[in-house]
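> Structure below; questions to follow.
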Amino acid sequence: MRLAPVRHDGRARTSASRGCTCIRTLTGAPVPVRHQEAQPHLCVAGCTRIRTLAGAAAPVRRRGRARTSASRGRTCIRTLTGAPVPIRHQGAQPHPCAVAGAPRTRTPPPTRGTRMATTATTARAQLADARVYLCTDARRRQGDLVEFLDAVLAGGVDIVQLRDKGMEAAEELEHLAVFADACARHGKLLAVNDRADVAHAAGSDVLHLGQGDLPVPAARAILGDDVLIGRSTHAESEAAAAAVQDGVDYFCTGPCWPTPTKPGRHAPGLDLVRYTAALGTDRPWFAIGGIDLGNLDQVLEAGARRAVVVRAITEADDPGAAAAEFAKRLREK
Ligand SMILES: Cc1ncc(COP(=O)(O)OP(=O)(O)O)c(N)n1
Ligand SMILES: Cc1ncsc1CCOP(=O)(O)O
Ligand SMILES: [Mg+2]
């Protein structure tokens, strides 16, 4: 993944605001990014901005820290809905706001909700160690989201994704704030499905993209390098491509069995799991689709060491115990 050169030009808009436009070229194509600020921009020391997203003005505190000599990462802590969330930026050059004289004080590590934000390095190490990846809806029917998340994350789920198709972004962000707090309590990874803009706004560790979703370079243009990106694969050619594609951190193969959770999706079955295992890739990959505790041994025998699960945990009488059993059996292999 190429680092993105970022030009950050500040210019006064009104007496009370400052606007700047960052031109990012992550995929070769320049992407204008507009900011609205309430005060002079203190990128390194932290500043308060008013950012207008979806028409809503939100105070933003911005913090920056050097990553490598060629790149800088920044995390903005915003309060859009009461819950602070980080925003990650990538830039290849020192941020001109800092060059323009903002005080360069050491900043505390970025935070999301009540937790220390997962650094990209830590998140990638966690991904490498992950065995159980849960996709769940927001439990609106059960009304037990917090308890459910605490149970499954304590039980052994390593990554949890909010997968609630058709939900509007504002509502998704509200639920994701609850997921983020739960992940913070348990030190686990938060994943967003489909939408890079929502992953960015939620400060997610992970974005999951299917074959028909946003192309990976387009998602990287929004998210930078620090958010992990995963892909779905349903055929040998897709799995082989995902194993080597730039910008992909992990991939999933399946469905292993037809599943009502993904209606209409042809199931390539365990042959695809066997094929993927034979690739011998170092890139983390998960088997998905129709996996439960009754057929998990077949998935393991086919060569998978990681699994994505929906119903076998979300519909279990004891979701925490089901998560623990998946974790135990995947880890003892
Ligand atoms: C971890 C994980 N794996 C696969 C999927 C499926 O993604 P996709 O094929 O884009 O289908 P939808 O989930 O978007 O309906 C996933 N979401 N998460
Ligand atoms: C989202 C998705 N993509 C392929 S299979 C699947 C759903 C798996 O759900 P379940 O574990 O309930 O079969
Ligand atoms: Mg998708």
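With full-length UniProt numbering applied, the sequence shown covers 1 to 333.
Just so it is clear, CB atoms sit at the ideal spot from N, CA and C, and this is done for glycine as well.
Because the structure is a prediction, the values reported are computed rather than measured.
Suppose you measure from the CA of T259 to the CA of A196; what does that come to, to the nearest Å?
26 Å
> Apart from the five residues on each side of it in sequence, which residues of its chain come closer than 8 Å, Cβ to Cβ, to G210?
D194, R231 and S232
> Could you check where the alpha helix (DSSP H) with A278 kicks off and where it finishes?
L270 to L279
> Report back the beta-carbon spacing between G289 and G254 to the nearest angstrom; my notes put them in contact at under 8 Å.
4 Å
> Look at the alpha carbon of A324 and the alpha carbon of V157, and state the distance between them as a whole number of angstroms.
8 Å
> Can you name the start and end residues of the beta strand (DSSP E) that C252 belongs to?
Y250 to T253
> Is A312 near ligand 2, going by C-beta to nearest heavy atom under 7 Å?
Flag set: Cβ of A312 near ligand 2.
> Quick one: is the Cβ of T213 within less than 7 Å of any heavy atom of ligand 3?
Here residue 213 is Asp; the residue named in the question, Thr, does not match the sequence. Indeed, a heavy atom of ligand 3 lies less than 7 Å from the Cβ.
> On a CA-only basis, which of E301, I291, V152 and H186 is nearest C252? Give me that one, please.
Restricting attention to E301, I291, V152 and H186, the CA atom closest to the CA of C252 is found in I291.
> Find the nearest neighbour of A242 within the set W257, S204 and D282, judged by alpha-carbon distance.
D282
> Might you give, ordered along the chain, the residues of its own chain that have their beta carbon closer than 7 Å to the beta carbon of residue 410, omitting 5 neighbours on each side?
No information on residue 410 is available, as it lies outside the stretch 1 to 333 that the chain covers here.
> How many angstroms separate the CA atom of G294 from the CA atom of V132?
16 Å
> Can you tell me where the beta strand (DSSP E) holding G230 begins and where it ends?
L228 to T233
> Just verifying my parser: in three-state terms, what is the DSSP assignment at L214?
coil
> Report the CB separation of I159 from A191 in whole angstroms; it is logged as a contact under 8 Å.
5 Å
> Please confirm whether any heavy atom of ligand 3 lies closer than 7 Å to the CB of D194.
Indeed, a heavy atom of ligand 3 lies less than 7 Å from the Cβ.
> Which value, in whole angstroms, describes the spacing of the CA atoms of D181 and V248?
26 Å
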